[in-house]
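Residue numbers (UniProt numbering): 1 to 169.
Inspection log for the structure reproduced underneath, given as structure tokens.
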């Protein structure tokens, strides 16, 4: 043990270094020779020298007293405002339900029927109105329209199949 103390005294430590003392070579410095950092010098429960320096004081939050915070008149106004807001929320939530319950079923609207447009009266005819080619085209178009009126595009023999709506999985 004496030998170890002599070594510590012969090797200058960073705290004891002055400009005139030479530094020891790194091969002679041991981990035991380096003093502990201040964060390492904090006493721990494992250390026998541990003694709590202060007692733990429980943290107490300040009490909030609403009776002294607001005046009685202001308290009544706040309570009334809260009650009105709750009533508005309840009425707003129930209104759609009540309206749907009492809603009258409206009569079905009839399907629109097409109305024919009147034929336009030509007051100033085109110079091509009496042209032979234009008259032949007009005649062909009129014949095709008459054929389309005669042709029946409906086939009453075709029926939709009866579907089985009782499907079980």
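Where a beta carbon is used, it is the ideal one built from N, C-alpha and C, also for glycine.
Endpoints, alpha helix (DSSP H) assigned at residue 148: To locate residue 148, count along the chain shown from 1; it is residue 148. Residue 148 -> alpha helix (DSSP H) spans 132-150.
Rounded Cβ spacing between residue 70 and residue 78 (contact assumed at less than 8 Å): Along the chain shown, read from residue 1 onward, the residue named residue 70 stands at position 70. Along the chain shown, read from residue 1 onward, the residue named residue 78 stands at position 78. Taking 8 Å as the upper bound for CB-CB distance, residue 70 and residue 78 are in contact here, some 7 Å apart.
Minimum length 4: unbroken alpha helix (DSSP H) runs contained in the region 69-116: Entirely contained in the region 69-116, the alpha helix (DSSP H) runs reaching 4 residues are, in chain order, 72-102.
Residue 121 vs residue 128 beta-carbon contact at 8 Å: Along the chain shown, one-based indexing puts residue 121 at 121. Along the chain shown, one-based indexing puts residue 128 at 128. Cβ distance not < 8 Å, so residue 121 and residue 128 don't count as in contact.
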